[in-house]
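One structure is given here, and the rest of the page talks about it.
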Amino acid sequence: MQMRLVENSNVMDKSVNLVDRDDLIVKRKGGGSIIDQRPLFSSDGETLYIIWKNVIRVYSTQTGDFVREFEPSNYRNRNYRITGIIAHPDNASVIIGCIESGELNFWNCQSGIITKKLQLKLANGKVKIRTFHIVKYRTVQGNEICQTLITHLSECGNKIYVLLFDIENGMCTKSIYIITKTQEYFIDIIGNHGENLIALLHNVNLHILNPARNLVDKIHKTGKTGRLPTCIAGHPEEECVATGDSTGRVVVWRNLFQTRPYTSVFHWHTLPVTEIVFSKSGGHMYTGGGECVLVKWTLTNPQHKSFLPRLPAPIKHLTIAPDNLYVAVSTLDNGIVIVNPQRKLTSVIQNFTWGVALSSKDLFPAGLVVDPRTGSLVLNSRTGHVQFYNTHTKNLLYNINITAQNFLTQERDVIIVNTEVTKIALNHNGTWMATVEERNDKISSIEVTLKFWIYDLKKQIFVLNTSIELPHENGVNALHFQPDTTFDDGEWLAVTTGKDSKFKLWNLRKSIEKKEAKHWYCYGVGDYRNLAVTDAGFSVDGSLLAIGFDSTLTLWVPETCELKSSLTHSKYNYPIKRIEFGKHDACHLVVVVSEQHIMVWNILTLAITWSVSLNIVSLTYDPKSTYMAAFTSDNSLYVFTPQSPTVVYKKTCLIESTSFILAATFVPHLQEKRNPSFGQWQRKSQLYFLDSNQELLTLEPDSEAEFSLEIISDKGTKPLTAFSNLIAVQTSSSKEQTVAQFHEHLGMSTKRVVEELLSVPAHTLPPLSLLCSSFILSLGAQQSLKNHSKNVESDDDVQDNTLDLSDDEVSPPTKSSVVPANENEDTDDDTNVRLDSHDWSFLSTILPDQDNIVL
Numbered sequence: 001m002q003m004r005l006v007e008n009s010n011v012m013d014k015s016v017n018l019v020d021r022d023d024l025i026v027k028r029k030g031g032g033s034i035i036d037q038r039p040l041f042s043s044d045g046e047t048l049y050i051i052w053k054n055v056i057r058v059y060s061t062q063t064g065d066f067v068r069e070f071e072p073s074n075y076r077n078r079n080y081r082i083t084g085i086i087a088h089p090d091n092a093s094v095i096i097g098c099i100e101s102g103e104l105n106f107w108n109c110q111s112g113i114i115t116k117k118l119q120l121k122l123a124n125g126k127v128k129i130r131t132f133h134i135v136k137y138r139t140v141q142g143n144e145i146c147q148t149l150i151t152h153l154s155e156c157g158n159k160i161y162v163l164l165f166d167i168e169n170g171m172c173t174k175s176i177y178i179i180t181k182t183q184e185y186f187i188d189i190i191g192n193h194g195e196n197l198i199a200l201l202h203n204v205n206l207h208i209l210n211p212a213r214n215l216v217d218k219i220h221k222t223g224k225t226g227r228l229p230t231c232i233a234g235h236p237e238e239e240c241v242a243t244g245d246s247t248g249r250v251v252v253w254r255n256l257f258q259t260r261p262y263t264s265v266f267h268w269h270t271l272p273v274t275e276i277v278f279s280k281s282g283g284h285m286y287t288g289g290g291e292c293v294l295v296k297w298t299l300t301n302p303q304h305k306s307f308l309p310r311l312p313a314p315i316k317h318l319t320i321a322p323d324n325l326y327v328a329v330s331t332l333d334n335g336i337v338i339v340n341p342q343r344k345l346t347s348v349i350q351n352f353t354w355g356v357a358l359s360s361k362d363l364f365p366a367g368l369v370v371d372p373r374t375g376s377l378v379l380n381s382r383t384g385h386v387q388f389y390n391t392h393t394k395n396l397l398y399n400i401n402i403t404a405q406n407f408l409t410q411e412r413d414v415i416i417v418n419t420e421v422t423k424i425a426l427n428h429n430g431t432w433m434a435t436v437e438e439r440n441d442k443i444s445s446i447e448v449t450l451k452f453w454i455y456d457l458k459k460q461i462f463v464l465n466t467s468i469e470l471p472h473e474n475g476v477n478a479l480h481f482q483p484d485t486t487f488d489d490g491e492w493l494a495v496t497t498g499k500d501s502k503f504k505l506w507n508l509r510k511s512i513e514k515k516e517a518k519h520w521y522c523y524g525v526g527d528y529r530n531l532a533v534t535d536a537g538f539s540v541d542g543s544l545l546a547i548g549f550d551s552t553l554t555l556w557v558p559e560t561c562e563l564k565s566s567l568t569h570s571k572y573n574y575p576i577k578r579i580e581f582g583k584h585d586a587c588h589l590v591v592v593v594s595e596q597h598i599m600v601w602n603i604l605t606l607a608i609t610w611s612v613s614l615n616i617v618s619l620t621y622d623p624k625s626t627y628m629a630a631f632t633s634d635n636s637l638y639v640f641t642p643q644s645p646t647v648v649y650k651k652t653c654l655i656e657s658t659s660f661i662l663a664a665t666f667v668p669h670l671q672e673k674r675n676p677s678f679g680q681w682q683r684k685s686q687l688y689f690l691d692s693n694q695e696l697l698t699l700e701p702d703s704e705a706e707f708s709l710e711i712i713s714d715k716g717t718k719p720l721t722a723f724s725n726l727i728a729v730q731t732s733s734s735k736e737q738t739v740a741q742f743h744e745h746l747g748m749s750t751k752r753v754v755e756e757l758l759s760v761p762a763h764t765l766p767p768l769s770l771l772c773s774s775f776i777l778s779l780g781a782q783q784s785l786k787n788h789s790k791n792v793e794s795d796d797d798v799q800d801n802t803l804d805l806s807d808d809e810v811s812p813p814t815k816s817s818v819v820p821a822n823e824n825e826d827t828d829d830d831t832n833v834r835l836d837s838h839d840w841s842f843l844s845t846i847l848p849d850q851d852n853i854v855l
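Residue numbers (my numbering): 1 to 855.
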């Protein structure tokens with residue numbers, strides 16, 4: 001059969017102008033880093049302020065619970081982040097934050113709103129601010145000055161600019177630049193009261209700058225070139241600074257303006273020191289690094305130190321609360337551990353957990369999976385764990401330790417590889433979860449373990465049932481459960497494909513030793529012409545299993561492991577990356593994704609329905625409808641149905657070009673959306689996707705934007721409370737003109753009907769159970785008809801917003817796969833006849849027996 005293919009994606013560009021005209025914008029629903037910047041304690045130490053991109057979030061230090069969120073900074077342009085936050089030196093109830101663009105925001109801690117915005121007068125508006133501090137010093141006349149200190153790199157990256165700005169008008173008062181060979185530098189303030197000094201560390205040079213003397217520079221050499229600087233901390237009381245380096249040393253410098261300052265070395269870390277902080281009095285020093293250990297030093301005695309080991313991940317930041325009440329330890333798993341000075345754990349702030357990966361491509365290797373039982377997302381957590389994240393409440397439900405192994409820290413000259421969860425699958429009702437964990441250090445033999453977990457209703461958590469070592473040599477490519485079938489309860493099946501060119505079928509059955517217990521066993525193994533096996537997928541009724549062998553799609557009967565058909569096209573010689581059966585009306589179609597094409601096979605006619613040239617990095621489906629979503633390498637989104645190459649929705653430049661999509665999935669709504677702005681394809685489920693910044697994103701109408709606190713700022717100085725939100729800013733005497741409604745049968749106004757009903761003596765009325773139901777229904781009949789007509793009009797608008805990608809270059813579908821456009825849309829009309837997946841049950845019984853089909 002000759003199939004005309006689309007050899008490029010130029011035809012898709014024609015749909016941009018029309019399909020991109022929508023009200024959907026990308027919104028962050030979770031994830032993102034809370035450890036990029038150092039957090040800030042409140043003046044009483046009871047709350048912790050955390051920077052979340054362009055938002056400040058407030059957490060309780062006692063419980064770790066989320067308390068509130070401040071008004072977003074630079075709300076109109078969310079690409080800029082907050083580079084740092086500092087308590088106002090003269091007003092503890094005000095927090096000052098600096099955005100990368102150079103704008104200062106002043107937040108009121110009680111109301112959470114921005115009371116003042118100040119744009120710093122930068123000579124170059126294109127620069128991005130790297131660091132932000134507040135300095136105090138006295139002039140020659142004895143006046144105390146409070147100014148803003150910022151630093152940034154030049155456009156060519158060979159100069160570090162240090163600038164002081166007036167905190168009242170934003171004018172630059174003093175500035176210098178330092179020539180550098182590296183773009184990495186570290187800066188901190190020495191002293192918390194009175195005379196501040198500025199310490200800047202880069203290469204092997206330690207610069208001491210005095211703001212009171214026009215930033216006079218004193219340079220000290222930190223040592224050998226092999227000891228690269230990693231962090232710096234200024235002493236709160238003395239003319240003293242501490243520096244960390246790549247060899248694990250901490251050097252404390254005193255008498256900074258002397259020709260040869262006094263130094264003392266504190267050396268325990270074997271890995272680079274990532275953070276140093278002094279206690280508020282300056283008598284102790286805390287350090288952290290890649291060993292996942294917090295070290296507390298006594299400055300007067302370097303030999304006297306204490307430890308807090310076994311932190312969940314390497315340390316990124318350390319923050320001391322006022323009066324040394326707490327220490328906030330920011331770790332690389334995107335969490336913050338609160339400990340007291342006695343190194344006892346107080347609370348943990350964990351919103352969206354990360355694993356510690358060597359590169360961004362290794363993040364979330366198991367992708368996104370939906371738990372049918374809770375409707376939450378299941379994905380990789382900290383190394384060796386999986387997390388359950390509820391998208392409806394934006395809460396982390398729990399973490400499960402899959403590997404049951406301690407996190408192995410890195411060594412100075414050796415890369416240590418930890419065991420990571422690479423595959424996750426849950427069955428149709430969430431009672432079973434399967435995971436694959438792998439470890440491959442390229443030196444010893446690869447470690448692969450397949451585990452099956454059962455949900456314990458009493459413990460309310462998954463419990464390990466079966467563990468299989470090395471289910472496939474060299475690793476596992478795919479893991480899937482069989483969908484809900486017509487078999488007896490408990491006859492569950494699962495499939496794995498491996499890098500050993502084989503697939504295996506797993507069955508839950510009673511144990512031979514313990515007849516009352518059930519465990520998972522391998523009951524079938526298959527291969528095809530010694531070709532490399534890729535992905536697998538079950539049909540909606542579970543009667544067919546599709547396996548990809550290189551560029552060939554094979555169809556099997558899962559119960560007997562019998563090969564039914566093999567489908568190959570001569571032009572498609574790219575390995576299959578993804579296989580997905582259509583759902584509902586499209587259950588007879590199989591979507592196959594390779595590196596260059598996306599194509600759809602009709603398993604009833606064994607022919608290709610359509611094909612489009614597209615470089616897809618992620619494909620997911622909506623379990624509640626026939627829609628599928630494909631993400632391309634250029635960060636574009638295509639929503640379609642398997643019945644047709646017509647694009648239902650398209651959006652280009654979905655995220656920043658510096659990021660890329662890692663995984664995506666549809667999460668069913670708790671209640672079907674009726675807002676026409678959502679579009680037909682997101683009425684039943686919401687599309688979520690993860691990017692390389694580890695942010696959980698979705699598409700929502702701009703009208704559904706989160707409530708902005710800018711509206712409340714008009715209320716003046718009223719504290720932001722739940723009650724204050726209900727108070728009107730101003731009262732209007734004008735009243736909207738209402739239109740009287742008329743009863744459908746009686747021909748009089750609804751108000752009059754109610755009045756006459758209430759005027760009738762109670763003893764003459766029939767029982768209320770007989771009277772009220774028909775009466776209320778009659779009143780709401782007209783309104784229901786109006787709403788129904790509006791929904792029909794909005795559905796028509798959605799259908800008109802589709803474009804055919806194929807133009808005339810894609811072959812038309814065969815007769816058996818042609819579905820009218822209006823049948824692809826879900827309607828609320830009960831008279832509309834739809835085919836359910838069970839109408840196509842046991843597709844293997846009607847599938848033609850073909851050993852090999854080549855088109």
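Note that the Cβ used here is the ideal one computed from N, Cα and C, for glycine as well.
Q. With G170 and T131 assumed to form a contact (beta carbons below 8 Å), what rounded beta-carbon distance in angstroms separates them?
A. Against the sequence shown, residue 170 aligns to sequence position 170. Against the sequence shown, residue 131 aligns to sequence position 131. At roughly 17 Å, the Cβ-Cβ gap does not stay under 8 Å, so G170 and T131 are not in contact.
Q) With burial defined as no fewer than 16 other Cβ atoms inside 10 Å of the residue's Cβ, what is the status of D634: buried or exposed? A) In the sequence shown, residue 634 corresponds to position 634, counting from 1. D634 is exposed by the Cβ-count criterion.
Q) Quick one: Cα of K29 to Cα of K684, how far? A) Counting from one through the sequence shown, the residue named residue 29 turns up at place 29. Counting from one through the sequence shown, the residue named residue 684 turns up at place 684. Using only the alpha carbons, I get a separation of about 18 Å.
Q) Nearest to L544 by alpha carbon, out of P558, R57 and A532? A) Start at 1 with the first residue of the sequence shown, and residue 544 comes out as number 544. For the residues P558, R57 and A532, the minimum Cα distance to L544 belongs to P558.
Q) Expressed to the nearest angstrom, what Euclidean distance is found between the alpha-carbon atoms of Y627 and L637? A) Here the question's residue 627 lines up with position 627 in the sequence shown. Here the question's residue 637 lines up with position 637 in the sequence shown. Roughly 13 Å between the two C-alpha positions.
Q | Beta-carbon spacing of K296, P322 below 8 Å | A | Looking up residue 296 in the sequence shown gives position 296. Looking up residue 322 in the sequence shown gives position 322. Against a cut-off of 8 Å, the Cβ pair of P322 and K296 comes out as no contact.
Q. Touch check for the segment 297-307 and the segment 324-336: three-plus C-beta pairs under 8 Å?
A. No, they do not touch.
Q: Taking only the alpha-carbon atoms, compute the straight-line gap between G191 and T319 and give it to the nearest angstrom.
A: Locating residue 191 in the sequence shown gives position 191, counting from the first residue. Locating residue 319 in the sequence shown gives position 319, counting from the first residue. One Cα belongs to G191, the other to T319, and the distance between them is close to 16 Å.
Q: Determine the closest residue to S566 out of P575, V162, T554 and I95, with distance taken between C-alpha atoms.
A: In the sequence shown, the residue the question calls residue 566 occupies position 566. Nearest C-alpha to S566: T554.
(Q) I'd like to know if the segment 362-380 and the segment 662-671 are in contact, where contact means that at least 3 CB-CB pairs between them fall below 8 Å. (A) Touching, yes, given that three or more Cβ pairs across the two stretches are closer than 8 Å.
Q) Which runs of the beta strand (DSSP E) spanning at least 3 residues fall entirely within the segment 635-662, listed in chain order? A) As far as the segment 635-662 is concerned, its whole beta strand (DSSP E) runs of at least 3 residues are 637-641 and 644-651.
Q) How do the segment 114-121 and the segment 48-58 stand: do at least 3 beta-carbon pairs fall below 8 Å, yes or no? A) Below 8 Å, too few C-beta pairs join the segment 114-121 and the segment 48-58 to call them touching: fewer than three.
**Q.** Identity of the residues DSSP links to F462 by a beta bridge
**A.** Numbered from 1 along the sequence shown, position 462 holds the residue referred to as residue 462. Answer by DSSP bridge pairing, in chain order: Y455.
Q) Are the Cβ atoms of L149 and I178 separated by less than 8 Å? A) The residue given as residue 149 occupies position 149 in the sequence shown. The residue given as residue 178 occupies position 178 in the sequence shown. Using a Cβ distance threshold of 8 Å, L149 and I178 do not count as a contacting pair.
Q: Could you tell me the distance, in whole angstroms, from the CA atom of C146 to the CA atom of I82?
A: On the sequence shown, position 146 is the one that residue 146 refers to. On the sequence shown, position 82 is the one that residue 82 refers to. Using only the alpha carbons, I get a separation of about 21 Å.
Q. Quick one, are the C-beta atoms of P314 and G355 less than 8 Å apart?
A. The residue given as residue 314 occupies position 314 in the sequence shown. The residue given as residue 355 occupies position 355 in the sequence shown. For P314 and G355, no; Cβs fall outside 8 Å.
(Q) Going by DSSP in three states, K718 sits in which element: helix, strand or coil? (A) To locate residue 718, count along the sequence shown from 1; it is residue 718. A caution first: K718 carries a pLDDT of 40, below 50, which makes its placement in the model unreliable, though a value can still be read off. K718 falls in the coil class under three-state DSSP.
Q) For P405, does the three-state DSSP call read helix, strand or coil? A) Position 405 of the sequence shown, counting from 1, holds the residue named residue 405. Looking at the sequence provided, one finds Gln at residue 405 rather than Pro. Here Q405 sits in coil by DSSP.
(Q) Once the 5 residues before and after L408 are set aside, which same chain residues still bring their CB inside 6 Å of it? (A) Along the sequence shown, one-based indexing puts residue 408 at 408. The answer, listed in chain order, is I416 and N418.
**Q.** Under the three-state DSSP convention, the category Q110 falls into
**A.** Position 110 of the sequence shown, counting from 1, holds the residue named residue 110. Coil.
Q | From T247, E411 and I219, residue whose alpha carbon lies closest to that of G226 | A | Residue mapping note: residue 226 aligns to position 226 of the sequence shown, counting from 1. Here the closest residue by C-alpha is T247.
(Q) Whole angstroms are fine: how far does the CA of Q258 sit from the CA of E168? (A) One-based indexing of the sequence shown puts residue 168 at position 168. One-based indexing of the sequence shown puts residue 258 at position 258. The alpha-carbon atoms of E168 and Q258 are separated by roughly 35 Å.
Q.
The beta strand (DSSP E) that contains N380, what's its start and end?
A. Position 380 of the sequence shown, counted from the start, is the residue given in the question as residue 380. First-last of the beta strand (DSSP E) with N380: L377 to N380.
Q: Please classify I857: is it buried, with 16 or more other beta-carbons within 10 angstroms of its beta-carbon, or exposed?
A: The structure shown does not extend to residue 857, since the chain is modelled only from 1 through 855, so no value can be given for it.
Q | Cβ neighbours of K128 in the same chain (closer than 7 Å, five flanking residues each side left out) | A | The residue you call residue 128 lines up with position 128 of the sequence shown. Cβ neighbours of K128 within its own chain (closer than 7 Å, five residues either side excluded): E100 and H152.
**Q.** Boundaries (first-last residue) of the beta strand (DSSP E) holding V591
**A.** One-based indexing of the sequence shown puts residue 591 at position 591. Looking at the DSSP string, the run of the beta strand (DSSP E) that includes V591 is L589 to S594.
Q) Which of the three DSSP states, helix, strand or coil, is assigned to F257? A) As a first step, residue 257 must be located in the sequence shown, where it is residue number 257. In the structure shown, F257 sits in coil (DSSP, three-state: anything other than H, G, I, E or B).
Q) In terms of residue numbering, what span does the beta strand (DSSP E) encompassing R871 cover? A) Here the chain has residues from 1 to 855 only, and residue 871 is not among them.
**Q.** As assigned by DSSP and simplified to three states, the class of N324
**A.** The residue labelled residue 324 in the question sits at position 324 within the sequence shown. DSSP places N324 in the helix class (H, G or I) of the three-state scheme.
Q) Does the distance from the C-beta atom of L197 to that of I208 stay below 8 Å? A) Taking the first residue of the sequence shown as 1, we reach residue 197 at position 197. Taking the first residue of the sequence shown as 1, we reach residue 208 at position 208. Contact flag set, yes.
Q: Check the DSSP bridge columns for P72 and list the partner residues they point to.
A: On the sequence shown, position 72 is the one that residue 72 refers to. Partner residues in a beta bridge of P72, as assigned by DSSP, do not exist.
Q | Contact set for L464: own chain, Cβ-Cβ below 7 Å, skip 5 residues either direction | A | Locating residue 464 in the sequence shown gives position 464, counting from the first residue. Result list for L464: K451 and W453, in chain order.
Q. Could you give the residue range of the beta strand (DSSP E) that holds N615?
A. By one-based count along the sequence shown, residue 615 stands at place 615. Taken as a continuous stretch (DSSP letters only), N615 belongs to no beta strand (DSSP E), as it is neither H nor E.
Q | Beta-carbon separation (whole angstroms), H267 vs R254, contact threshold 8 Å | A | Along the sequence shown, one-based indexing puts residue 267 at 267. Along the sequence shown, one-based indexing puts residue 254 at 254. In fact, because the Cβ distance is near 18 Å, the residues do not count as touching under 8 Å.
Q.
Please identify the residue among C561, S611 and A546 whose C-alpha is closest to the C-alpha of H569.
A. Looking up residue 569 in the sequence shown gives position 569. Taking only the C-alpha atoms, the option nearest H569 is S611.
Q) Roughly how many angstroms separate the alpha carbons of G524 and T560, rounded to a whole number? A) Reading the sequence shown from its first residue, position 524 is the one you call residue 524. Reading the sequence shown from its first residue, position 560 is the one you call residue 560. Computed Cα separation, rounded: 8 Å.
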